[in-house]
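Enquirer:
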Amino acid sequence: MPPPPFRRRWLSAAALGASLTLAAQVASTAATPPGKPAQGAGASKPAAAPAAAPVTVATCVAQPLPSGWQDIQAVYLAFYLRPGDPAGLRYWAEKAGGDITTILADFGHSKEAKRLYGDITPETIGDAIDKIYQALFGKAPDAAGKQHYIDGYRDGRYSAADLAYRILQGAQNDDKRAIEHKLAAANFFTRTVDADLDGTNQQVTYVQKDEETVRQWMQAITAASAPTPEQARQFVRDHVAAASDPLRSQPQPKPRWLSLTPGQAPIGQATSFTIRGQHLPSTARLSIGDAQCDAPAQVQCNGSGFTQNCTLSGDAGKRTITVQTAESGQAIDRKTIQATSPAPNPEPQPPQPTPIPKLDSIMPWRVALGHATVFTVKGRDLPATATLQIPETRCTAPTDVQPDGSGFKQSCTLSGQPGQRPARVRTDEQANGGTLIDGVYTVTAESLTPPPPPPFVPKLPHTGITDQQCYEAGSHNLVACGNPEAIALSGAEKQDGMRRHINPMSYAHVPKPGGGHYDKTECVKDENTGLIWEGKVDDSNHLRHYKNFYTNLDNNQPGDASAYVAAVNAQGLCGFNDWRLPTVRELEVLVNYSGVAPAIDMEWFPNTAIGLFWTGTTVPDFSSSSWGVHFGSGSAARYSGSIAGPVRLVRSAQ
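Residue numbers -23 to -1, 1 to 631, in mature numbering (1 follows the signal peptide of the UniProt record, and there is no 0), belong to the letters of the sequence shown in order.
(1) Which whole-angstrom value describes the C-beta separation of K355 and S388, a residue pair presumed to lie in contact below a C-beta threshold of 8 Å?
(2) Are the segment 280 to 293 and the segment 244 to 251 in contact at 8 Å, needing three or more beta carbon pairs?
(3) In or out: S305 buried (at least 16 other Cβ within 10 Å) or exposed?
(4) For T419 versus P432, is the C-beta distance shorter than 8 Å?
(5) Under the rule that 16 or more other beta-carbon atoms within 10 Å means buried, what is S290, buried or exposed?
(6) Going straight from the alpha carbon of E189 to that of D171, what length do you get?
(7) What is the rounded straight-line gap between the Cα of A345 and the Cα of R357?
(8) Tell me the DSSP secondary structure of S5 in three-state form.
(9) Is any non-hydrogen atom of the ligand SAH found closer than 7 Å to the C-beta of T299, if you look at the structure I gave you?
(10) Given a threshold of 16 other Cβ atoms within 10 Å of its Cβ, counted over all protein chains shown, does N322 qualify as buried or as exposed?
(11) Return the chain-ordered list of same chain residues with a C-beta closer than 8 Å to the C-beta of S202, the five sequence neighbours on each side being excluded.
(12) In angstroms with no decimal places, state the Cα-to-Cα distance between R628 and R615.
(13) Please go through the same chain and pick out, in chain order, the residues whose beta-carbon is closer than 7 Å to the beta-carbon of L336, but skip the five residues on each side of it.
(14) For C278, does the three-state DSSP call read helix, strand or coil?
(15) What separation, rounded to the nearest whole angstrom, lies between the Cα atoms of W510 and G593?
(16) Helix, strand or coil for F165, going by three-state DSSP, please let me know.
(17) Check whether the segment 211 to 227 and the segment 166 to 185 are in contact - that is, three or more C-beta pairs closer than 8 Å.
(18) Spell out the partners DSSP gives I509 in its beta bridges.
(19) Straight-line CA distance for G622 to D531?
(20) Measuring only the C-alpha atoms, how far is R131 from S44?
(21) From this set, S619, G396, A316, which residue's C-alpha is nearest Y599's C-alpha?
(22) Provide the residue(s) that pair with H607 in DSSP beta bridges, ordered along the chain.
(23) Could you give the DSSP three-state label for Y570: helix, strand or coil?
(24) Between which two residues does the alpha helix (DSSP H) holding W194 run?
(25) Round the Cβ separation of T313 and T260 to the nearest angstrom and send it over; I've been treating them as touching at under 8 Å.
(26) What residue range is occupied by the uninterrupted alpha helix (DSSP H) comprising G356?
(27) Quick check: the Cα distance between T376 and L589, rounded to an integer number of angstroms?
(28) Expressed to the nearest angstrom, what Euclidean distance is found between the alpha-carbon atoms of Y183 and F212?
(29) Starting from the Cα of A197, find the closest Cα among D187, A374, A162, S517 and give me that residue.
(30) Once the 5 residues before and after G609 are set aside, which same chain residues still bring their CB inside 6 Å of it?
(31) Within 10 angstroms of its Cβ, does R311 collect 16 or more other Cβ (buried), or is it exposed?
(32) Taking three-plus beta-carbon pairs below 8 Å as touching, is the segment 483 to 494 in contact with the segment 559 to 569?
(33) Going residue by residue through the segment 205 to 236, where are the continuous alpha helix (DSSP H) segments of at least 4 residues, counting only ones entirely within it?
(34) Taking the alpha carbon of M475 as the reference point, which residue from Y484, H453, G459 has its own alpha carbon closest?
(35) Decide yes or no for the touch test of the segment 54 to 72 against the segment 132 to 152: beta carbon pairs closer than 8 Å, at least 3 of them.
(36) How big is the Cα-Cα spacing for S617 and Q229?
See below:
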């Protein structure tokens, strides 16, 4: 059975699935991964992996690594403490099919691991952990966390590379920002070595002797500092590239400003300018006399342009507009725009007479006692403060209030005895009941049994992609989904961000039988699927601590997910004892592909670990393997049940 397709790591800056497209493209050699022969000069061009969706990285929008390569880049950073060379990334993507479990198992046995860590044994694993923490975060690990990883290595739960990957994935706060910056720099570095990543147009010879130099560069990148694409390119040029490499032998590309739209702007109104060019630095911005400008947006890491909002002041006429670098103010080029006078204020209109409200109908006129009824009130020129009033009745606030005064709706529950009652519409501006609007209508209260509500029909939730994450025609750029270029690519309502209004992700508290509701750390209901999900707590002594990890061997042994399911059911979480592991498809619908890691709605699911979450979907012909969903990457894959990972239980829709 083939695995589900790999999903893009929609973790914004945490995923950082992006890298640079840089200029020169000339053949060279690459560092060779363990066990992989070097590519010969006459070898055929390897097939390029498909590109994933671009995301915003640091200060610019960059071309992503091919789909599935970003996780491998993270493994290189976590264990080898450096960016992956393009040939190595390609090798592991092809050899292991992007399966991180297989890659982690093989990384620890490489020659580079031996050079970097020496012999990793239960006695020396602590030194390796210290080295990883210093390289990634610039500090020593805390004692409890270090001991956790040491114990995991010694009892066989983690390999050395798996341990390093878990340290990287579990980073929080400033440590997490440092990882984001290092991964962005790693992607810039890799694209500088080989812009196309296909092994045929390398610009730099990146080999074993460069490893330590590059590690020192990566270690200097912190939560407070991240290199621009230009700085990354300059580092590779000055400290990695050989004198004969194309990156050094070819001249630096000269920035060019090709176009500016619009060519005119009204004074006093914000105007969005679009700048297009070639090799523009990521720090480029507009400078206009007598104008206030926001920071640039949609800056393209490949130097193809950016947008910037500016508001012009002063007199109408021609203005010089300059594109310059932010750090030095050096002008790249200049053009001229026309500043136009603002539109004149419209002539004042005479005041209009106040219309007299008119009530046309109140429906329905027959209602059941004790049951909420939605009344529809229709009329003409009804004020926005109009409300329905019926004796012995409890009503909610009006809804669907029409701006033209043609009516509103209001839910009311009648109590008391059957019979006719007056129904009035009044303004609610005064404490004494307001002003009566038009006449009095009559409703009849009856002891009726209303029909049962329609059965719940589950719906497939949206992916979480926002209306600002649509592709535009002719590039990998993400733009607003209403942008004409996005519609030109796919048509209206075709891209995921254009359909975010269809079954948007929605969650609710689970009510308690005696009133009130359970906390989000106990259980949460998915209003689309009807599934009720287990919540997690941040208490290391609690059964449902979010950092508790389990195997998935279904052996009812302590530390296995099966034993955890039994323990939660024995406690009767949220009054239920039918909790279970979700299927892989059920768990996938919780993944939010638009936000930061963890890839889930953290407002409703706080205390979520970044890692592999187990499901109850087993793999045919592999009795000890099951599917898991990674809430760092948002991807689903098959894993050995002996691997420890977090779980989130579920119970079926009611």
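Idealized CB from N, CA, C, for every residue including glycine.
Expert: The relevant details are as follows:
(1) In the sequence shown, residue 355 corresponds to position 378, counting from 1. In the sequence shown, residue 388 corresponds to position 411, counting from 1. Incorrect: roughly 16 Å between the Cβ atoms, too far for contact.
(2) With the cut-off at 8 Å, the segment 280 to 293 and the segment 244 to 251 touch.
(3) Residue 305 sits at position 328 when you count from the first residue of the sequence shown. Classified as exposed, S305 has fewer than 16 neighbouring CB atoms from the shown chains inside 10 Å of its CB.
(4) The count along the sequence shown starts at 1 and reaches residue 419 at position 442. The count along the sequence shown starts at 1 and reaches residue 432 at position 455. Against a cut-off of 8 Å, the Cβ pair of P432 and T419 comes out as no contact.
(5) One-based indexing of the sequence shown puts residue 290 at position 313. The residue in question, S290, is exposed, as its Cβ has fewer than 16 Cβ neighbours within 10 Å.
(6) If you number the sequence shown from 1, residue 189 lands on position 212. If you number the sequence shown from 1, residue 171 lands on position 194. Looking at the two C-alpha atoms, the distance is approximately 20 Å.
(7) By one-based count along the sequence shown, residue 345 stands at place 368. By one-based count along the sequence shown, residue 357 stands at place 380. Near 28 Å, if we compare the C-alpha coordinates of R357 and A345.
(8) Taking the first residue of the sequence shown as 1, we reach residue 5 at position 28. Below a pLDDT of 50, predicted positions are generally treated as unreliable, and S5, at 26, falls in that range; the measurement from the model is reported next regardless. Reduced to three states, the DSSP call for S5 is coil.
(9) Questions concerning the ligand SAH fall outside what the structure shown contains, since it holds no ligand whatsoever.
(10) The residue labelled residue 322 in the question sits at position 345 within the sequence shown. Exposed, because fewer than 16 other Cβ atoms sit within 10 Å of the Cβ of N322.
(11) Position 225 of the sequence shown, counting from 1, holds the residue named residue 202. Within the same chain, S202 has close Cβ partners H158.
(12) Position 651 of the sequence shown, counted from the first residue, corresponds to residue 628. Position 638 of the sequence shown, counted from the first residue, corresponds to residue 615. Using only the alpha carbons, I get a separation of about 23 Å.
(13) In the sequence shown, counting from the first residue as 1, residue 336 sits at position 359. The residues are G356, V402, I414, D415, G416.
(14) Locating residue 278 in the sequence shown gives position 301, where the first residue counts as 1. In the three-state reduction of the DSSP assignment, C278 falls in the coil class, being assigned neither a helical nor a strand state.
(15) On the sequence shown, residue 510 is found 533 positions in, with the first residue counted as 1. On the sequence shown, residue 593 is found 616 positions in, with the first residue counted as 1. Separation of W510 and G593 (C-alpha to C-alpha, rounded to the nearest whole angstrom) is 14 Å.
(16) Within the sequence shown, the letter at position 188 stands for residue 165. Here F165 sits in helix by DSSP.
(17) Flag = yes, the segment 211 to 227 and the segment 166 to 185 touch.
(18) Residue 509 sits at position 532 when you count from the first residue of the sequence shown. DSSP lists K502, R628 as partners of I509.
(19) Counting from 1 along the sequence shown, the entry for residue 622 is found at position 645. Counting from 1 along the sequence shown, the entry for residue 531 is found at position 554. Just so you know, the alpha carbons of G622 and D531 end up roughly 14 Å apart.
(20) Along the sequence shown, one-based indexing puts residue 131 at 154. Along the sequence shown, one-based indexing puts residue 44 at 67. If you take the alpha carbons of R131 and S44, they lie about 34 Å apart.
(21) Numbered from its first residue, the sequence shown carries residue 599 at position 622. Note that residue 599 is Phe in the sequence shown, not Tyr. Checking every option, the nearest Cα to that of F599 belongs to S619.
(22) For the purposes of this step, residue 607 is identified with residue 630 of the sequence shown, where counting begins at 1. Per DSSP, the beta bridge partners of H607 are L589.
(23) The residue given as residue 570 occupies position 593 in the sequence shown. Secondary structure of Y570 (DSSP, three-state): coil.
(24) Stepping through the sequence shown from its first residue, residue 194 is reached at position 217. Start and end: 188 to 196.
(25) Walking along the sequence shown from the start, residue 313 turns up at place 336. Walking along the sequence shown from the start, residue 260 turns up at place 283. With a Cβ gap of about 23 Å, T313 and T260 do not count as contacting.
(26) Locating residue 356 in the sequence shown gives position 379, counting from the first residue. Going by DSSP, G356 is part of no alpha helix (DSSP H) but of the beta strand (DSSP E) stretching over 349 to 357.
(27) Looking up residue 376 in the sequence shown gives position 399. Looking up residue 589 in the sequence shown gives position 612. Distance between the alpha carbons of T376 and L589 is about 44 Å.
(28) Indexing the sequence shown from 1 puts residue 183 at position 206. Indexing the sequence shown from 1 puts residue 212 at position 235. If I take the Cα positions, the gap works out to 13 Å.
(29) Residue mapping note: residue 197 aligns to position 220 of the sequence shown, counting from 1. A197 has its Cα closest to that of A162, out of D187, A374, A162, S517.
(30) Here the question's residue 609 lines up with position 632 in the sequence shown. Answer for G609: Q146, A574, I587, listed in chain order.
(31) Against the sequence shown, residue 311 aligns to sequence position 334. Label assigned to R311: exposed.
(32) Result no; under three Cβ-Cβ pairs closer than 8 Å.
(33) Qualifying alpha helix (DSSP H) stretches, in chain order: 206 to 212, 223 to 226.
(34) Along the sequence shown, one-based indexing puts residue 475 at 498. Here the closest residue by C-alpha is G459.
(35) With a cut-off of 8 Å on Cβ pairs, the segment 54 to 72 is in contact with the segment 132 to 152, counting three or more such pairs.
(36) On the sequence shown, position 640 is the one that residue 617 refers to. On the sequence shown, position 252 is the one that residue 229 refers to. A direct Cα-Cα distance of roughly 49 Å separates S617 from Q229.
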